[in-house]
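> Okay, here's the structure, questions in a sec.
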Amino acid sequence: MDNLQRAVDTLVHSSNTLFILIGAVMVLAMHAGFAFLEVGTVRQKNQVNALSKILSDFAISTLAYFFIGYWISYGVSFLQPAAVISADHGYGLVKFFFLLTFAAAIPAIISGGIAERARFAPQLCATALIVAFIYPFFEGLVWNGNFGLQAWLLASFGASFHDFAGSVVVHATGGWLALAAVLLLGPRNGRYREGRLVAFAPSSIPFLALGSWILIVGWFGFNVMSAQTLDGVSGLVAVNSLMAMVGGTVAALVIGRNDPGFLHNGPLAGLVAICAGSDLMHPVGALVTGVVAGGLFVWCFIAAQDRWKIDDVLGVWPLHGLCGVWGGIACGLFGQTVLGGLGGVSLISQLIGTALGVAVAFGGGLVVYGTIKRVHGLRLSQEQEYYGADLSIHKIGAVSQD
Numbered sequence: 001m002d003n004l005q006r007a008v009d010t011l012v013h014s015s016n017t018l019f020i021l022i023g024a025v026m027v028l029a030m031h032a033g034f035a036f037l038e039v040g041t042v043r044q045k046n047q048v049n050a051l052s053k054i055l056s057d058f059a060i061s062t063l064a065y066f067f068i069g070y071w072i073s074y075g076v077s078f079l080q081p082a083a084v085i086s087a088d089h090g091y092g093l094v095k096f097f098f099l100l101t102f103a104a105a106i107p108a109i110i111s112g113g114i115a116e117r118a119r120f121a122p123q124l125c126a127t128a129l130i131v132a133f134i135y136p137f138f139e140g141l142v143w144n145g146n147f148g149l150q151a152w153l154l155a156s157f158g159a160s161f162h163d164f165a166g167s168v169v170v171h172a173t174g175g176w177l178a179l180a181a182v183l184l185l186g187p188r189n190g191r192y193r194e195g196r197l198v199a200f201a202p203s204s205i206p207f208l209a210l211g212s213w214i215l216i217v218g219w220f221g222f223n224v225m226s227a228q229t230l231d232g233v234s235g236l237v238a239v240n241s242l243m244a245m246v247g248g249t250v251a252a253l254v255i256g257r258n259d260p261g262f263l264h265n266g267p268l269a270g271l272v273a274i275c276a277g278s279d280l281m282h283p284v285g286a287l288v289t290g291v292v293a294g295g296l297f298v299w300c301f302i303a304a305q306d307r308w309k310i311d312d313v314l315g316v317w318p319l320h321g322l323c324g325v326w327g328g329i330a331c332g333l334f335g336q337t338v339l340g341g342l343g344g345v346s347l348i349s350q351l352i353g354t355a356l357g358v359a360v361a362f363g364g365g366l367v368v369y370g371t372i373k374r375v376h377g378l379r380l381s382q383e384q385e386y387y388g389a390d391l392s393i394h395k396i397g398a399v400s401q402d
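FYI, full-length UniProt numbering numbers position 191 of the sequence shown as 191, with every residue one higher than the one before it.
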């Protein structure tokens, strides 16, 4: 019987390790989606910079999260013998890998908002600070119960703040950090003339679409594998993600009037919004969540660029910041049993947790980017911006005419 139990335990641990490893690889692949979405949206003179930022940010994020951030979030340090940290088939290590891909999504999100005029080295410094301290602080509050926030919400309102796959913890945090950086940077040169918006056309719709599709496919690892163990996996999460993605696509197609940029960001808006409640909602509730997110993205992107003069290149604040906020709230609505959900969620807790996430992210962004702006400066010179970040920073263009 002891041998049988050991065999079962070995099978369980090895299966869980493989399960979460597959999720980590799928979310890692999403970073290629972030890269190509940005490459296709920016002008050609900034394509090399877009690719370089995403890979460099991931490397810096890994170091910051491995040595500092993961310890702040979960109290786990890997500065121990390999025999210790590789227990249970190395499940703890692979869990770190999985959660790292979430943490590294934060600077990947920010990258799209500050594109075409941000300096390279200062952004890497910001990445290190954000992934080492700001993101882990809020991640630990929500997903590890640090400082008693979740216990207080449970005792006060009957349920803790629920964010299954990171509508608020990851996406809203990244979006509101990006807004702080965008506001401190200011608009690109020539973007507004005499108070009117000047269109900067995307350099490559095929690259933009490729980035969107890579993100869509990887997102099912992002959401489904957030269960982190095989016994927690649910087909409900997969179908809810699908329905929200479709809802966001249709809404963006109709409201965006066939614009391919809106069309290929619409599914991402729906997927951002469904992360929080994908394990609780009925698929019809997920569809409505996605429809609202797709419409919210299109309307807020246009308003931010035209009316509010916020030059957010990829629209990461509307897409991740606002749709992430909507996702946190939608979880509190459509997760209720009266609307077909599984229950166990409080709208008040969702509002409090979401508002706290916005405050931490936007406040932290102002501190980090404000300090770097004062000490080192954030943006390229006017001449460097004119020639493009590719030649100014990397000394090579994206294509050769030879």
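Even for Gly, the Cβ is constructed at its ideal location relative to N, Cα and C.
If you draw a straight line from the C-alpha of A273 to the C-alpha of F67, how long is it?
Cα-Cα distance, rounded: 31 Å.
> Can you look up R43 in the DSSP assignment and give me helix, strand or coil?
Correct three-state label for R43: coil.
> Could you tell me the distance, in whole angstroms, from the CA atom of A293 to the CA atom of A252?
Their Cα atoms are separated by approximately 9 Å.
> Between A199, G357 and E194, which lies nearest to V168 when the distance is taken from Cα to Cα?
Nearest C-alpha to V168: G357.
> In whole angstroms, give me the CA-to-CA distance for L28 and W219.
About 10 Å.
> First and last residue of the alpha helix (DSSP H) that includes Q305?
Q305 -> alpha helix (DSSP H) spans P283 to D306.
> Would you report the Cα separation of L153 and V313, rounded to the nearest angstrom?
One C-alpha to the other measures close to 37 Å.
> So W326 and L287 are supposed to be a Cβ contact under 8 Å. How far apart are they, rounded?
With a Cβ gap of about 14 Å, W326 and L287 do not count as contacting.
> Under 8 Å between the Cβ atoms of M245 and P260?
Contact: no.
> Tell me which residues share the same chain as G328 and place their Cβ nearer than 6 Å to its Cβ, disregarding the 5 neighbours each side in the sequence.
Correct list, in chain order: S167, V168, A276, Q350 and T354.
> Is the beta carbon of I22 closer than 8 Å to that of K221?
Looking at the sequence itself, residue 221 is Gly, so the reference to Lys does not match. Yes; because the gap between Cβ atoms is below 8 Å, this pair is in contact.
> Do the segment 130-144 and the segment 58-75 touch if we need at least three Cβ pairs shorter than 8 Å?
The segment 130-144 vs the segment 58-75: in contact.
> Can you list, in chain order, the residues of its chain with a C-beta nearer than 8 Å to that of H376? Leave out the 5 residues immediately preceding and following it.
Only R119, A121, P122 and C125 meet the Cβ criterion.
> Would you give the residue range spanned by the alpha helix (DSSP H) that C125 belongs to?
Where C125 is concerned, the enclosing alpha helix (DSSP H) stretches over F120 to L129.
> Are C331 and H89 close, meaning C-beta to C-beta below 8 Å?
Cβ atoms of C331 and H89: not closer than 8 Å.
> In the structure shown, what three-state DSSP assignment does L378 receive?
Note: L378 maps to coil in three-state DSSP.
> Would you tell me roughly how many angstroms separate the C-alpha atoms of Y74 and E139, rounded to the nearest one?
If I take the Cα positions, the gap works out to 9 Å.
> So is D9 buried or exposed if we call it buried at 16+ other beta carbons inside 10 Å?
The residue in question, D9, is exposed, as its Cβ has fewer than 16 Cβ neighbours within 10 Å.
> Determine which residues share a DSSP beta bridge with L197 and list them.
Partner(s): Y192.
> Taking its Cβ as the centre, do 16 or more other Cβ atoms sit within 10 Å of N258, making it buried, or is it exposed?
Looking at its Cβ environment, which holds fewer than 16 other Cβ atoms inside 10 Å, N258 is exposed.
> Where does P107 sit, in a helix, a strand or coil, going by DSSP?
If DSSP states are grouped into helix, strand and coil, P107 belongs with the helices.
> Can you tell me whether D390 is buried or exposed, with buried defined as 16 or more other CB within 10 angstroms of its CB?
Result: buried.
> Residues in its own chain within less than 6 Å of W176 by CB, not counting five upstream and five downstream?
Counting only Cβ-Cβ distances below 6 Å, and skipping sequence neighbours, we find G321, V358, A361 and F362.
> Can you tell me which of E38, F34, I348 and V94 puts its alpha carbon nearest to the alpha carbon of A104?
Cα-wise, what sits closest to A104 is F34.
> Out of curiosity, what's the CA-to-CA distance linking F157 and L319?
So the alpha carbons of these two residues sit roughly 29 Å apart.
> Of the choices V42, L183, G113 and S14, whose alpha-carbon is the least far from that of G370?
Checked all of V42, L183, G113 and S14; the closest Cα to G370 is L183.
> Can you tell which of H13, P81, Y91 and G112 has its C-alpha closest to the C-alpha of A50?
Nearest of H13, P81, Y91 and G112 to A50, Cα basis: G112.
> Whole alpha helix (DSSP H) runs in the segment 64-103 with 4 or more residues, listed along the chain?
You should have 70-74 and 82-85.
> For V316, which of I106, W308, R117 and N189 has the nearest alpha-carbon?
Closest by alpha carbon: I106.
> Can you give me the start and stop residues for the alpha helix (DSSP H) that F220 sits inside?
Looking at the DSSP string, the run of the alpha helix (DSSP H) that includes F220 is I205 to V224.
> Go ahead and pull the three-state DSSP assignment for R6.
Helix, per DSSP.
> Note the first and the last residue of the continuous alpha helix (DSSP H) segment covering residue 404.
What the structure shows of the chain is the stretch from 1 to 402, and residue 404 is not part of that stretch, so it cannot be assessed.
> Is it buried or exposed, G364, if we count other Cβ atoms within 10 angstroms and call 16 or more buried?
With 16 or more other Cβ atoms within 10 Å, it is buried.
> Would the beta-carbon of Q305 fall within 8 Å of that of L141?
For Q305 and L141, no; Cβs fall outside 8 Å.
> Is the distance from the Cβ of K309 to the Cβ of P187 below 8 Å?
Cβ distance < 8 Å, so K309 and P187 count as in contact.
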